[in-house]
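Enquirer:
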Amino acid sequence: MPDVITAATTPLDALERAFDRAATYNERSRVAPTAILWPDEKEEWTRLLPRLRERCPQLLTLGEYDLEKKRGPAIWLKCMIARTLEVADWPKEDTPVLHLPGVSRQDLRAIEQCPDELKPLAELQYRGVMWNQTNGRDWTVRAFLMSEHGGLGLDVAGDEETLTLLQRALPELSETPMDRLRGHRLNANRLRSLVFEDPVRNLLTWLSRPEEVRGTWPEERWATFREICRDTYDFDPEKDGPLHAAKLLGFKEGPWATVWQRFMEAPDRYPGVPEKLRKARPSQTGDLFAREPTWPQDNEALEEELRESLTKLGEMRPDEAAEQIVELDEEHSERRQWVWSKLEEAPLAGALKHLRALAEAVQSPVGGTTPEAVAESYRDGGWKADKAMLNSLKGVREPDDFQAVHAAVNTLYRPWLEDGTEALQTAVASDGMPSPPDPPEPESGEVLLFADALRLDVGKALAQRLQFADLEVEMDTHWSALPSVTPTAKPAVSPIAGDISRESTPDEFQPEIGGETLTIRRFRNRMEEAGHQILGSDETGDPTGTAWTEIGTLDEYGHNEEWKLARRINELLTEIVARVRHLLNAGWPKVRIVTDHGWLLVPGALPKEELPHYLADTRWGRCATLKDTSETTHPTVGWHWNPNVRIAMAPDMRVHRKGLGYAHGGISVQECLVPRITVGKTGTGQPDAQIASVEWVRLRCRIQTQNPTEGLQADLRKRPNDPGTSVATRPKAVKEDGSVSIPVPSPEHEGSEVTAVLLDGDDVIHTYSTTVGGHE
Numbered sequence: 011m012p013d014v015i016t017a018a019t020t021p022l023d024a025l026e027r028a029f030d031r032a033a034t035y036n037e038r039s040r041v042a043p044t045a046i047l048w049p050d051e052k053e054e055w056t057r058l059l060p061r062l063r064e065r066c067p068q069l070l071t072l073g074e075y076d077l078e079k080k081r082g083p084a085i086w087l088k089c090m091i092a093r094t095l096e097v098a099d100w101p102k103e104d105t106p107v108l109h110l111p112g113v114s115r116q117d118l119r120a121i122e123q124c125p126d127e128l129k130p131l132a133e134l135q136y137r138g139v140m141w142n143q144t145n146g147r148d149w150t151v152r153a154f155l156m157s158e159h160g161g162l163g164l165d166v167a168g169d170e171e172t173l174t175l176l177q178r179a180l181p182e183l184s185e186t187p188m189d190r191l192r193g194h195r196l197n198a199n200r201l202r203s204l205v206f207e208d209p210v211r212n213l214l215t216w217l218s219r220p221e222e223v224r225g226t227w228p229e230e231r232w233a234t235f236r237e238i239c240r241d242t243y244d245f246d247p248e249k250d251g252p253l254h255a256a257k258l259l260g261f262k263e264g265p266w267a268t269v270w271q272r273f274m275e276a277p278d279r280y281p282g283v284p285e286k287l288r289k290a291r292p293s294q295t296g297d298l299f300a301r302e303p304t305w306p307q308d309n310e311a312l313e314e315e316l317r318e319s320l321t322k323l324g325e326m327r328p329d330e331a332a333e334q335i336v337e338l339d340e341e342h343s344e345r346r347q348w349v350w351s352k353l354e355e356a357p358l359a360g361a362l363k364h365l366r367a368l369a370e371a372v373q374s375p376v377g378g379t380t381p382e383a384v385a386e387s388y389r390d391g392g393w394k395a396d397k398a399m400l401n402s403l404k405g406v407r408e409p410d411d412f413q414a415v416h417a418a419v420n421t422l423y424r425p426w427l428e429d430g431t432e433a434l435q436t437a438v439a440s441d442g443m444p445s446p447p448d449p450p451e452p453e454s455g456e457v458l459l460f461a462d463a464l465r466l467d468v469g470k471a472l473a474q475r476l477q478f479a480d481l482e483v484e485m486d487t488h489w490s491a492l493p494s495v496t497p498t499a500k501p502a503v504s505p506i507a508g509d510i511s512r513e514s515t516p517d518e519f520q521p522e523i524g525g526e527t528l529t530i531r532r533f534r535n536r537m538e539e540a541g542h543q544i545l546g547s548d549e550t551g552d553p554t555g556t557a558w559t560e561i562g563t564l565d566e567y568g569h570n571e572e573w574k575l576a577r578r579i580n581e582l583l584t585e586i587v588a589r590v591r592h593l594l595n596a597g598w599p600k601v602r603i604v605t606d607h608g609w610l611l612v613p614g615a616l617p618k619e620e621l622p623h624y625l626a627d628t629r630w631g632r633c634a635t636l637k638d639t640s641e642t643t644h645p646t647v648g649w650h651w652n653p654n655v656r657i658a659m660a661p662d663m664r665v666h667r668k669g670l671g672y673a674h675g676g677i678s679v680q681e682c683l684v685p686r687i688t689v690g691k692t693g694t695g696q697p698d699a700q701i702a703s704v705e706w707v708r709l710r711c712r713i714q715t716q717n718p719t720e721g722l723q724a725d726l727r728k729r730p731n732d733p734g735t736s737v738a739t740r741p742k743a744v745k746e747d748g749s750v751s752i753p754v755p756s757p758e759h760e761g762s763e764v765t766a767v768l769l770d771g772d773d774v775i776h777t778y779s780t781t782v783g784g785h786e
């Protein structure tokens, strides 16, 4: 029966799986092999070692000592296998693989004739296992590609030219998808086309790092590359050089138009190209090169013009600014399609799209004569102005860019926000503030997921994300407990709300339970006494019961970073979606997401309203507990947990402390109207893939997943949704058995908090918090 390795996506994947197979043993009749011996008499596999070493930290090579390449003499290899050396840092469950260049299986078997430098390894053939063909012969590259018994079952020609090219093209061939190899005869022409079938990629790779590429490509490959460049692109990379090529790329004429299109599709793959374009740009004469998308200087000039125009909006009326933004967007919108936008070098052109959405959204004021009418107008579309304002800020990094967007937002958003807050406060003064509903008692199989400060616009984005994850989602809204701060409003959405005293004496807005202040510890203790599980951030508990778990640091980021919170929201939503999927996959039929309050945020600072210290016992950003004898012109309401306690609210969008750009606790729809989201699974298909466990061996992270599917990868990131914060070299493919081992190359990250993320393409489908090195 054929035994072809079919699950692999590339020959390199297949080689990894072949080693896994070789290490497999029957635990009832054998002990684990000490090592896998890999004889390579003709040294055919040598070119592949650098790529294979990235995937297999347990790969060791016989030869002259070189620690970086994990290469050394026989005695050193024996010490590595015995783990007596500190650098033997691969996971214990991975069997060491000993690559033996210039050594055949027969060399090891003939112990008497075995060279002295090889004799220390000879005994390993009895304690370990030999990786060879079923007929006992050593694996050659061609044999591994062709064999239907432990190989790939491909059709490979045997002529001398093919065998020579097979060696030279081995690194590229090893990462070629199997579906492009099967069904074709692998001869010299086919190999040449595989290596050079993508001349555009080769050209851009060379242009990005010409010296490195020239130093690593074999002479034959370099000669072929020069020939392709002369014939197709009308230049010689050796004689004309990279700057001439960059100039041709910038003009995009003839076949260079295709090269430019490929660069635009994935500019991050070719990080050296932008600087070549900058140096190659011809001297500008008049408007000859105006608005050219290929030269970075032109994009920078247009960004500067837009920066000046946005800054001037701060001096205009809102209607004038709205008209100007539409005109600016018509002028600059095409730049969002330029490569510089993908490289995040056109942040203002990107912000302009959202400023235009903001200009349109603020045309519809939030208002009404009753609190419910105000809420209805906000639900019907007012929230879109908050969303657009945040989106306009999330892409800016430089102070000058922020100031430009700040000027536009101040002109458009602040008047709209102030009018909306005044409308609700006027309605509340007339009709009173609606009370929050009593929280429903959780049913068996329901977990309450508390997400701090999930404002309605962010909640709508979360609901959409959950729907995209193919989950059943329902969302409604309710009023927050007053004041809308965590100590007051969080208990009000918990199952123990009915146990809290309605005659509490406020201590920093915390109510009382059993005559004592409701601290975090007492809150959790009372929840457990009521029969609800308290789950840690990665725990799933018993899905037949009920539970409470918490996630998110949105409010913390808001207070600490203010307008920069806009950059964090996508990352935080990714964490919540992953946590919901984790709970549902663990068997919980329903996850109900609850929150305590929303918030006000503006770039710059909210206006201050003075409230003398002698009037208040406790004073926070937008609320204060009044003393019994105090009188104030501020709006006042009764405290949710004791209506006899008077709470002074800052008027309109003002705050009690100077310099706050983020605050809550007052009366506005942004703070007081909050979402509640119920999530369940659709259908009864296979459970989703997820991270089951994380273990560290020094700076190597061993991840075990459950329910893995083909094509998954894992990474270690400081921010789950930002690949730029990875502390690993790159994402690693999850093996067929669900395991993956990821090294952290820099010791400076040891002790840092990171998140292990499971990736399906670019999508994060599960997360797991951990500490580099395992030091908690």
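Last residue of the sequence shown: 786 (our numbering), numbering continuous. All residues carry an ideal CB built from backbone N, CA and C; glycine is no exception. On a predicted model such as this, the values are computed, not experimentally measured, just so you know.
(1) Could you spell out where the beta strand (DSSP E) holding F245 opens and where it closes?
(2) Looking only at its own chain, which residues have a Cβ that is under 7 Å from the Cβ of A417, when we skip the five neighbours before and after it?
(3) Identify the continuous beta strand (DSSP E) that holds R656 and give its terminal residues.
(4) Which residue from T688, V684 and A658 puts its Cα closest to that of G676?
(5) Return the CA-CA distance between A502 and R424, expressed in angstroms with no decimal places.
(6) Let me check understanding here. Comparing Cα to Cα, which of V774, K404, H759 and R93 lies closest to G784?
(7) Please state the DSSP three-state secondary structure of N212.
(8) Could you check the C-alpha separation between I91 and L108 for me, to the nearest Å?
(9) Would you decide whether E620 is buried or exposed? Buried here means 16 or more other CB atoms lie within 10 Å of its CB.
(10) How big is the Cα-Cα spacing for P661 and S678?
(11) What residue does the beta strand (DSSP E) around L769 start on, and which one ends it?
(12) Would you tell me roughly how many angstroms separate the C-alpha atoms of P450 and T781, rounded to the nearest one?
(13) Answer yes if the stretch 149 to 162 comes into contact with the stretch 107 to 124, meaning at least three C-beta pairs across the two stretches below 8 Å, and no otherwise.
(14) Say yes only if the C-beta of G160 is nearer than 7 Å to one or more non-hydrogen atoms of the ligand GDP, and no if none qualify.
(15) Can you list, in chain order, the residues of its chain whose CB lies under 6 Å from that of I811, leaving out five sequence neighbours each side?
(16) For D169 and A179, what's the separation of their Cα atoms in angstroms?
(17) Would you mind giving the Cβ-Cβ distance between V3 and P303, rounded to the nearest angstrom? I have them listed as a contact below 8 Å.
(18) My output table needs one value for E74: the three-state DSSP class, helix, strand or coil.
(19) Pull up the CB-CB distance for P381 and P444, whole angstroms please, since I reckon it's below 8 Å.
(20) Quick one: grab the DSSP three-state call for G296.
(21) Check the DSSP bridge columns for F460 and list the partner residues they point to.
(22) Give me the residue from A84, L95 and R147 with the minimum Cα distance to P125.
(23) Taking only three categories from DSSP, how would you classify T694?
(24) For N535, does the three-state DSSP call read helix, strand or coil?
(25) Are the CB atoms of T215 and L204 nearer to each other than 8 Å?
(26) Run through DSSP, which three-state label would Q307 get?
(27) Does the distance from the CB of V767 to the CB of A724 come in under 8 Å?
(28) Apart from the five residues just before and just after R345, which ones in its own chain have a Cβ nearer than 8 Å to its Cβ?
(29) Would you kindly report the start and end of the unbroken alpha helix (DSSP H) that includes L118?
(30) For D467, does the count of other Cβ atoms within 10 angstroms reach 16, so buried, or fall short, so exposed?
(31) Along the chain, where does the alpha helix (DSSP H) containing C89 start, and where does it finish?
(32) In terms of alpha-carbon separation, which member of E53, A371 and T563 lies closest to G392?
(33) Leaving out five residues before and five after T421 in sequence, what residues of the same chain have Cβ atoms less than 7 Å from its Cβ?
(34) Tell me, which residues are paired with T780 by DSSP?
(35) How should P306 be labelled, buried or exposed, when 16 other C-beta atoms within 10 angstroms of its C-beta is the threshold for buried?
(36) Do you know whose CA, among Y388, R656, L362 and N580, lies nearest Q373's CA?
Expert: So, to answer that:
(1) Mapped onto the sequence shown, residue 245 falls at position 235. Premise fails: F245 is in no beta strand (DSSP E) and is neither H nor E.
(2) Working through the sequence shown from its first residue, we reach residue 417 at position 407. Only L320, T321, L323 and G324 meet the Cβ criterion.
(3) For the purposes of this step, residue 656 is identified with residue 646 of the sequence shown, where counting begins at 1. Counting along the chain, the unbroken beta strand (DSSP E) around R656 starts and ends at N652 to M659.
(4) Here residue 676 is taken as the residue at index 666 of the sequence shown, counted from 1. Relative to G676, the option among T688, V684 and A658 whose CA is nearest is A658.
(5) Locating residue 502 in the sequence shown gives position 492, where the first residue counts as 1. Locating residue 424 in the sequence shown gives position 414, where the first residue counts as 1. A direct Cα-Cα distance of roughly 31 Å separates A502 from R424.
(6) Here residue 784 refers to the residue found at position 774 when the sequence shown is read from its first residue. When the alpha-carbon of G784 is set against those of V774, K404, H759 and R93, the nearest one is in H759.
(7) Walking along the sequence shown from the start, residue 212 turns up at place 202. N212: helix per DSSP, three-state reduction.
(8) By 1-based counting over the sequence shown, the position of residue 91 is 81. By 1-based counting over the sequence shown, the position of residue 108 is 98. Inter-residue distance for I91 and L108 is about 9 Å (C-alpha atoms, whole angstroms).
(9) Position 610 of the sequence shown, counted from the first residue, corresponds to residue 620. The residue in question, E620, is exposed, as its Cβ has fewer than 16 Cβ neighbours within 10 Å.
(10) Start at 1 with the first residue of the sequence shown, and residue 661 comes out as number 651. Start at 1 with the first residue of the sequence shown, and residue 678 comes out as number 668. Taking the straight line joining both Cα atoms gives about 10 Å.
(11) By one-based count along the sequence shown, residue 769 stands at place 759. From DSSP, the beta strand (DSSP E) with L769 extends over E763 to D770.
(12) Locating residue 450 in the sequence shown gives position 440, counting from the first residue. Locating residue 781 in the sequence shown gives position 771, counting from the first residue. For P450 and T781, the gap between their C-alpha atoms comes out near 37 Å.
(13) The answer is no - the stretch 149 to 162 does not touch the stretch 107 to 124, with fewer than three Cβ pairs under 8 Å.
(14) What this structure holds is no ligand at all, so the ligand GDP is not there to describe.
(15) Residue numbering for the chain in the displayed model covers 11 to 786; residue 811 lies beyond these limits and cannot be assessed.
(16) For this step, residue 169 is matched to residue 159 along the sequence shown. For this step, residue 179 is matched to residue 169 along the sequence shown. Whole-angstrom Cα-Cα distance: 15 Å.
(17) Any question about residue 3 goes unanswered here, given that the chain covers just 11 to 786.
(18) As a working mapping, residue 74 is identified with position 64 in the sequence shown. Coil.
(19) Numbered from 1 along the sequence shown, position 371 holds the residue referred to as residue 381. Numbered from 1 along the sequence shown, position 434 holds the residue referred to as residue 444. Right, their Cβ atoms sit about 5 Å apart.
(20) Position 286 of the sequence shown, counted from the start, is the residue given in the question as residue 296. Low per-residue confidence applies at G296: pLDDT is 43, beneath 50, and the placement is therefore not dependable, though the value from the model is reported in the following sentence. Coil.
(21) The count along the sequence shown starts at 1 and reaches residue 460 at position 450. According to DSSP, residue pairing for F460 in a beta bridge involves E560 and V604.
(22) As a working note, residue 125 is residue 115 in the sequence shown. Nearest option by C-alpha distance: A84.
(23) Mapped onto the sequence shown, residue 694 falls at position 684. Residue confidence for T694 is low, a pLDDT of 48 falling below 50, so the modelled location carries little weight and cannot support an answer.
(24) Taking the sequence shown and counting its residues from 1, the one referred to as residue 535 is at position 525. Assigned with DSSP and collapsed to three states, N535 falls in helix.
(25) Position 205 of the sequence shown, counted from the first residue, corresponds to residue 215. Position 194 of the sequence shown, counted from the first residue, corresponds to residue 204. No, these two residues do not count as a Cβ contact at 8 Å.
(26) Locating residue 307 in the sequence shown gives position 297, where the first residue counts as 1. The three-state reading of DSSP puts Q307 in helix, counting H, G and I together.
(27) Indexing the sequence shown from 1 puts residue 767 at position 757. Indexing the sequence shown from 1 puts residue 724 at position 714. Cβ atoms of V767 and A724: closer than 8 Å.
(28) As a first step, residue 345 must be located in the sequence shown, where it is residue number 335. Hits under 8 Å: P303, N309, L312, S351, A356 and A359.
(29) For this step, residue 118 is matched to residue 108 along the sequence shown. Run containing L118: R115 to R119, per the alpha helix (DSSP H) assignment.
(30) As a working note, residue 467 is residue 457 in the sequence shown. Residue environment for D467: buried (at least 16 other C-beta atoms within 10 angstroms of its C-beta).
(31) Numbered from 1 along the sequence shown, position 79 holds the residue referred to as residue 89. Counting along the chain, the alpha helix (DSSP H) containing C89 begins and ends at A84 to I91.
(32) Reading the sequence shown from its first residue, position 382 is the one you call residue 392. It is A371.
(33) The residue you call residue 421 lines up with position 411 of the sequence shown. Excluding sequence neighbours, T421 sits near L323, G324, M326, P328 and A331.
(34) Translated into the one-based positions of the sequence shown, residue 780 becomes position 770. Paired residues: V764.
(35) Position 296 of the sequence shown holds residue 306. With 16 or more other Cβ atoms within 10 Å, it is buried.
(36) Numbered from its first residue, the sequence shown carries residue 373 at position 363. Per the Cα distances, Y388.
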